[in-house]
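Encoded as structure tokens, the structure appears first; notes follow it.
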Amino acid sequence: MSPRRCWLALLAVLLLAAVGCSNELDTGLTNTGNQQVQLKKKEDLSFAVVSHGAPGDSFWTVVKNGAEQAGKDLGVKVSYQASGGDAAVQSQLIDAAVNQKVDGLVVSMANPDALKASIERAVNAGIPVVTINSGQDKSAEFGALMHIGQDEVVAGKGAGEKLKEAGVTKMLCVIQEAGNVGLEQRCAGAKDGLGGSTENLQVEGSNTAQVESTIQAKLQADKSINGILVLGPIIAGPAIQAVQAAGSQAKIATFDLSGEAIQAIEQGKMLFAVDQQQFLQGYLPIQFLELYATNLNTVGGGQPVLTGPGYVTKDNAAQVASLATGGTR
Amino acid sequence: MTTTVVQPPADERVATTGRLRRLLIRPEIGALFGAIVVLVFFSILSDTFRSADGVANWLDPASTLGIMAVAVGLLMIGGEFDLSAGVQTGTAALTVAILSTKYHVNVWLAILIALGLALAIGYFNGIVVTRTKLPSFIITLGTFLGLQGINLGLTKALTGTVLVSGLANEGGFTSAHFLFASSVKFGSHLFHVSIVWWILLTIAASYLLLRSRFGNWIFASGGDDLAARNVGVPADRTKIQLFMGVSVAAWLVGTIGVLRFNGVQASQGIGQELIYIVAAVIGGCLLTGGYGSVVGASLGALIFGMVSQGIVYVHWDNNWFKLFLGVMLLIAVLANTYLRRYAERSRR
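Same order as they appear, the protein sequences are chains D and H.
Under this note's numbering, think of the first position of the first sequence as 14, with each following residue one higher.
Under this note's numbering, think of the first position of the second sequence as 1016, with each following residue one higher.
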């Protein structure tokens, strides 16, 4: 190809894009701000879920499974996108869903302020929004229909109280993800619930070997620590190892479930797991959005719909274990 | 008396080469073809992708990445790396956020202080690398880890949280937001102003690299440090300035982010430094220095933006995004290497 032809080809491509643009001008968001909802047929509905979780994250995979299962059960289209904890990426993914004119949007707001503009754009375009998992305080303010999730402070407090019952006086709260407000809230809640002395420990969640040695070092340095609260099941394994290696008697509890964590509870290596039943955080918003789109129903009456905290203890661990292997717990 | 003009034999150093060949030996040609292929590919598969809102959507991630890729590209042409580039965006954003929300400093003043801090970090990186002659990979790895710790530790110590937000109520926010983080309206479609910053910066940096003496110094310092010094190029100064350039770009991106999202997390920017390098390499910059293009680095960022959003528009699972990026990188590097060999042959 000669250079001139090459430029011509480039020009043609740009022209193609421009044609796309001008078409869009006519049919674009002309009904902006119009809150009227057109009732749609079920099979035409398409919903988008944009989470702040990392792709492949064990917790968020269950949310994804929930959303996809709801899509299958109801016969509606569901697309799940993970933004890996980056608010900028998440707002761009929300913008993309709005551009696709989805019939409903499900967003987890780990960093609500950063998503404000994108969510309001969706609301103004007449797209019903349901927030899940985090961002409860800002959900209604941004114009979302409802919030489905677990109150982190309440759940943290519950975990703290349960640890206190088990005789814990000094607790280590292990934070595996720097910069996540929800995790900080859990530790704050747990501190409140325990009433005793707590210390937060920041670790690098992606490096489990290092997590183990960091916790071990902490236990060796401070023998009075008799309880460990980890905020994700991925840290539960390393915490158990660290307690054994340090010869400590510390009791361990975790937030959220994994096959490994449930097994540890069954074997008595771990006290309990705080379960926010995140399958529901994927399933329910799709169900609710479908009901809203076809029947204008709203759920919760302005209050958040709480999916947790539920607790998995030695009593129910075996039943939950069989469900976890199916990817629904 | 007649004068006869004697035609001297053509010097091969000034021999003209064909236009096709001249085009093909440009470092950014691989990225340009890549960008066109990706654009056509997703435009055919999705009409939302090629709509104005779609274009605004994929230009958005491309813009902030592009600003960084341009500066990182210049530094790479100058023969050095900066692994702290990503975390520096967080440092700048956190500085602005903490100063304005915690100490109620005017947002503009906070932005200026962050700029001063960025220049100091860039100067530090540059001076340590040029004085010690140690690989910049190692030095900036140190800065990367150090700043990561400072970002988290200091933020937690000063504010008690890891998410600093609430700039919108502080003095000077509105005007700063307008300049750094507003949206420009074309018809009924909103384009982020960061796209304008990106394009302006690409033009300015490209002019600097290709049309100024400083640009020659960059190529010379990156190509052969010693030879450059021997002909009087201030290689150390050039490199220090390039490091400071990266820091200024990080400051710009951090400022854009903190104003647009009205806050910042302490973990902001970590891991992004490799993406900047990927964009620059796709754009034809050599890891060994002395060769590359600013426009290419920008095109690398554009490809990244188009792919990351395009995958959403065509309803693919974005679990596969990194694979796509990895394959793109390998293809780009292979194509660039082949084209460069061809270019070197054609110069002989």
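Cβ atoms here follow ideal geometry from the backbone N, Cα and C, with glycine treated the same way.
Chain-ordered chain H contacts of K129(D) [CB-CB under 9 Å] = The contacting residues are F1276, N1277.
task = Return the residues of the segment 1050-1076 of chain H that lie within a Cβ-Cβ distance of less than 7 Å from chain C, sorted by chain order.
result = Here chain C cannot be found, since the structure's protein chains are D and H.
ask   = Should F1193(H) be labelled buried (16 or more other beta-carbon atoms within 10 Å of its own) or exposed?
value = Exposed, since its Cβ has fewer than 16 Cβ neighbours within 10 Å.
query = Does N1334(H) get closer than 9 Å to chain D when you measure Cβ to Cβ?
reply = Yes, its Cβ sits closer than 9 Å to a Cβ of chain D.
key: Minimum Cβ-Cβ distance from G98(D) to chain H less than 9 Å   = True, the Cβ-Cβ gap to chain H drops below 9 Å.
message = In whole angstroms, give me the CA-to-CA distance for I1044(H) and T338(D).
response = One Cα belongs to I1044(H), the other to T338(D), and the distance between them is close to 50 Å.
Length of the line joining the Cα atoms of G281(D) and K327(D) = Between G281(D) and K327(D), the C-alpha separation is close to 7 Å.
ask   = Do you know offhand how far N1351(H)'s Cα is from A230(D)'s?
value = The alpha-carbon atoms of N1351(H) and A230(D) are separated by roughly 49 Å.
query = When the cut-off is 9 Å and only beta carbons count, does Q82(D) lie next to chain H?
reply = At least 9 Å separates the CB of Q82(D) from every CB of chain H.
request  = Pick out whichever of L196(D), L128(D), A95(D) has its Cα sitting closest to the Cα of E71(D).
outcome  = Before going on, a small fix: residue 71(D) reads as Ser here, not Glu. Taking only the C-alpha atoms, the option nearest S71(D) is A95(D).
key: Outcome for W1073(H) when other beta-carbon atoms lying within 10 angstroms are tallied against a minimum of 16   = The C-beta of W1073(H) has 16 or more other C-beta atoms within 10 Å across all chains shown, which makes the residue buried.
key: Closest Cα partner of V1179(H) within the set L1109(H), L1089(H), A1347(H)   = Out of L1109(H), L1089(H), A1347(H), L1109(H) has the C-alpha closest to the C-alpha of V1179(H).
message = So the candidates are A109(D), F301(D), N329(D); which of them puts its Cα closest to the Cα of F285(D)?
response = Of all alpha-carbon atoms in A109(D), F301(D), N329(D), the one lying nearest the alpha-carbon of F285(D) is that of N329(D).
inquiry  = Assuming E1288(H) and F1159(H) are in contact, meaning their beta carbons sit under 8 Å apart, how far apart are those beta carbons, in whole angstroms?
reply    = Right, the Cβ-Cβ distance comes to about 7 Å (below 8 Å), so this counts as a contact.
task = Output the distance between the C-alpha atoms of N1140(H) and Q300(D), rounded to the nearest integer angstrom.
result = If I take the Cα positions, the gap works out to 54 Å.
query = Can you name, in chain order, every residue of its own chain whose Cβ lies under 8 Å from the Cβ of G1181(H), other than the five neighbours on each side?
reply = Excluding sequence neighbours, G1181(H) sits near T1116, N1277, G1278.
inquiry  = For a test of the three-state rule: what should DSSP assign to A83(D), helix, strand or coil?
reply    = Reduced to three states, the DSSP call for A83(D) is helix.
ask   = Any idea which residues DSSP pairs A61(D) with across the strands?
value = Beta-bridge partners assigned by DSSP to A61(D): S92(D), L118(D).
Three CB pairs or more closer than 8 Å across the segment 172-183 of chain D and the segment 137-148 of chain D = The segment 172-183 of chain D, when compared against the segment 137-148 of chain D, does not touch it at the 8 Å Cβ threshold.
query = Can you name the start and end residues of the alpha helix (DSSP H) that N1140(H) belongs to?
reply = Segment 1122-1147, the alpha helix (DSSP H) holding N1140(H).
Residues sharing a beta bridge with L319(D), DSSP = L319(D) pairs with G162(D).
inquiry  = Using a Cβ-Cβ distance cut-off of 9 Å, determine whether S1115(H) contacts chain D.
reply    = For S1115(H), the answer is no, since every Cβ of chain D falls outside 9 Å of its Cβ.
key: Rounded C-alpha distance that separates A249(D) from S219(D)   = So the two alpha carbons sit approximately 13 Å from each other.
request  = Mark N124(D) as exposed unless 16 or more other C-beta atoms lie within 10 angstroms of its C-beta, in which case mark it buried.
outcome  = So N124(D) counts as buried.
inquiry  = Taking 8 Å as the cut-off, does the segment 1294-1313 of chain H touch the segment 1212-1228 of chain H (at least 3 CB pairs, one atom from each stretch)?
reply    = Below 8 Å, enough C-beta pairs join the segment 1212-1228 of chain H and the segment 1294-1313 of chain H to call them touching: three or more.
query = Are the beta-carbon atoms of V243(D) and A168(D) separated by less than 9 Å?
reply = Between V243(D) and A168(D), the C-beta spacing is not below 9 Å.
ask   = On the three-pair Cβ rule with 8 Å, is the segment 1086-1102 of chain H touching the segment 1316-1328 of chain H?
value = Taking a contact to require three or more Cβ pairs closer than 8 Å, the segment 1086-1102 of chain H and the segment 1316-1328 of chain H do not qualify as touching.
Chain-ordered chain D contacts of V1327(H) [CB-CB under 7 Å] = Chain D residues near V1327(H): Q94, L106, A109.
Reduced DSSP category for D1240(H) - H, G, I as helix; E, B as strand; rest coil = Note: D1240(H) maps to helix in three-state DSSP.
ask   = Which stretch, first to last residue, makes up the beta strand (DSSP E) that contains H1330(H)?
value = Unbroken run through H1330(H): none, as it is neither H nor E.
ask   = Expressed to the nearest angstrom, what Euclidean distance is found between the alpha-carbon atoms of Q294(D) and T211(D)?
value = Their Cα atoms are separated by approximately 30 Å.
task = Could you work out which residues of chain D lie near H1330(H), taking near to mean beta carbons separated by less than 8 Å?
result = Here the neighbours are S92.
task = Could you tell me which residues DSSP puts in a beta bridge with T267(D)?
result = Here T267(D) is bridged, per DSSP, to V243(D), A286(D).
task = Whole angstroms is fine: what's the gap from L336(D)'s alpha carbon to P246(D)'s?
result = One alpha carbon belongs to L336(D), the other to P246(D), and they sit about 16 Å apart.
query = Quick one: what does DSSP say N310(D) is sitting in, helix, strand or coil?
reply = When DSSP states are grouped into helix, strand and coil, N310(D) belongs to the coil group.
query = By DSSP, does K177(D) sit in helix, in strand, or in coil?
reply = Residue state, collapsed to three classes: helix.
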